[in-house]
Amino acid sequence: MSLAAAGPIRAAPIASAQRTGMPGKPAPASSRADVAGIGRRDALARAATIAARKLLPSTTIVLPSTIAAPNARADPVDLAPFVGKAGFFIRYPAGWVRATDRPGTDNGKSETLALVGNFKDIDTVSVRREPMALHRDFAEAAAAGGDDAPEGGDGGDDAPREGGEDASSNARSNARRVALALTAAERDAVAANQNFGVVGGVENGRSGVMDFALGDASVADGPGAAKGTTQPYFAYEYFTEVCRANIEEGAGGAKVCVGPRGDVLDTVRRVNYAVATESEGYLYLVKASAVEGRWETVGPLLREVAQSFRVPQAY
């Protein structure tokens, strides 16, 4: 069976804060009748507005994403099938760039298999594979029963209910456990205010997570590696604020990002949507990511791309 043979699909329209404004049209010149009967101040104000419109006939008003009209829509996006050299399947926008596509080494090491994205706006989706030997926490969380949520999570709506927990509630609890397990390093870095990880292009090769917030988590069954099998695909959303230099404590105990010359730098705020699943001794981790200001616009598309991921098929 070839998943790629399915051909392009059409993604559901997504909200776009950039398309809420409509180009302004030149207003007709004001006549004497237009201003008759109104005060001098109103007439002058209206004349100024008309003049401005004549000078800027193509002005477009763009609303901030936080107050964009809820019924704003973007054009549908074609999702093209992509079977990576490592055998996995995913769909991504046809206009995106395929920056990385590796077959994988099967040497038991962690590696990024693929990276695709709209690099102009830094909307990216990566596929990473890591040995399960490094993720016993994931295995334990995925197989856990209806116990309390692990340390670091309050359980929220996924906490066990009195009198037992149905299968759906238990699955959500497991999904939250998985999310907590796979984001432990980020949360620990924030708590300890220590440097964590490396981001391409950082100053002096250092990067620190200054803030982190975990969003919703869920799980859904999808195709397994063997024909006719299914397996859980866990999904979760989270926010990070990253300093690409050194994190220091500023006035009032607030964290600030300080460059090598002592200047305060802007931080990088991104929203991420991850899908995680295990296959053939590896943890596959798909991460879709965009800057915070674009998430309302591209978040639905990025979720759809990540959710289309399927592990390599053995048939």
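If you're matching positions, the sequence shown starts at 1 in the UniProt record's numbering and goes up one per residue. We put the CB at the ideal spot given by N, CA and C, even for glycine. As the structure is a prediction and not an experimental result, all values here were calculated from the model.
Span separating the alpha-carbon of residue i from that of residue j
{"i": "residue 220", "j": "residue 253", "result": "42 angstroms"}
{"i": "residue 100", "j": "residue 184", "result": "27 angstroms"}
{"i": "residue 300", "j": "residue 271", "result": "12 angstroms"}
{"i": "residue 114", "j": "residue 256", "result": "33 angstroms"}
{"i": "residue 248", "j": "residue 208", "result": "10 angstroms"}
{"i": "residue 138", "j": "residue 224", "result": "17 angstroms"}
{"i": "residue 143", "j": "residue 174", "result": "7 angstroms"}
{"i": "residue 135", "j": "residue 261", "result": "39 angstroms"}
{"i": "residue 110", "j": "residue 133", "result": "11 angstroms"}
{"i": "residue 118", "j": "residue 288", "result": "11 angstroms"}
{"i": "residue 141", "j": "residue 76", "result": "37 angstroms"}
{"i": "residue 222", "j": "residue 280", "result": "15 angstroms"}
{"i": "residue 129", "j": "residue 84", "result": "13 angstroms"}
{"i": "residue 243", "j": "residue 292", "result": "15 angstroms"}
Other residues of its chain near residue i: CB distance less than 8 angstroms, five sequence neighbours each side excluded
{"i": "residue 191", "result": "none"}
{"i": "residue 88", "result": "113, 114, 127, 284, 309, 310, 311 and 312"}
Under the three-state DSSP convention, the category residue i falls into
{"i": "residue 258", "result": "strand"}
{"i": "residue 231", "result": "strand"}
{"i": "residue 119", "result": "coil"}
{"i": "residue 222", "result": "strand"}
{"i": "residue 215", "result": "strand"}
{"i": "residue 312", "result": "coil"}
{"i": "residue 191", "result": "helix"}
{"i": "residue 283", "result": "strand"}
{"i": "residue 208", "result": "strand"}
{"i": "residue 141", "result": "helix"}
{"i": "residue 86", "result": "coil"}
{"i": "residue 16", "result": "In this prediction, residue 16 has a pLDDT of 37, which is less than 50 and means its spatial position is unreliable; nothing more can be read from the coordinates."}
Rounded distance between the beta-carbons of residue j and residue i, thought under 8 angstroms
{"i": "residue 282", "j": "residue 131", "result": "6 angstroms"}
{"i": "residue 311", "j": "residue 273", "result": "Going by Cβ atoms, the distance from residue 311 to residue 273 rounds to 18 angstroms, so no, they are not a contact pair."}
{"i": "residue 317", "j": "residue 306", "result": "Since the first and last residues shown for the chain are 1 and 315, residue 317 lies out of range."}
{"i": "residue 232", "j": "residue 277", "result": "7 angstroms"}
{"i": "residue 217", "j": "residue 235", "result": "7 angstroms"}
{"i": "residue 269", "j": "residue 121", "result": "Their Cβ separation, rounded to whole angstroms, is 14 angstroms, which puts residue 269 and residue 121 out of contact at 8 angstroms."}
{"i": "residue 167", "j": "residue 226", "result": "Contact flag wrong, Cβ pair sits at about 23 angstroms."}
{"i": "residue 263", "j": "residue 241", "result": "Contact doesn't hold; Cβ gap of about 18 angstroms is too wide."}
Terminal residues of the alpha helix (DSSP H) in which residue i lies
{"i": "residue 297", "result": "295-307"}
{"i": "residue 265", "result": "Looking at the DSSP string, residue 265 is not in any alpha helix (DSSP H), and its letter there is neither H nor E."}
{"i": "residue 167", "result": "167-182"}
Start and end residues, beta strand (DSSP E) containing residue i
{"i": "residue 246", "result": "246-249"}
{"i": "residue 82", "result": "78-83"}
{"i": "residue 278", "result": "268-279"}
{"i": "residue 98", "result": "97-101"}
{"i": "residue 110", "result": "Careful: residue 110 lies outside any beta strand (DSSP E) and carries neither H nor E."}
{"i": "residue 89", "result": "89-93"}
Beta-carbon contacts of residue i that lie in its chain and below 6 angstroms, excluding the five residues immediately before and after
{"i": "residue 317", "result": "This structure gives no information on residue 317, because the portion of the chain shown stretches from 1 to 315."}
{"i": "residue 169", "result": "none"}
{"i": "residue 298", "result": "123 and 290"}
{"i": "residue 303", "result": "273"}
{"i": "residue 86", "result": "103, 104 and 113"}
{"i": "residue 213", "result": "239"}
{"i": "residue 94", "result": "78 and 80"}
{"i": "residue 275", "result": "233, 235, 286, 306 and 309"}
{"i": "residue 181", "result": "137, 138 and 141"}
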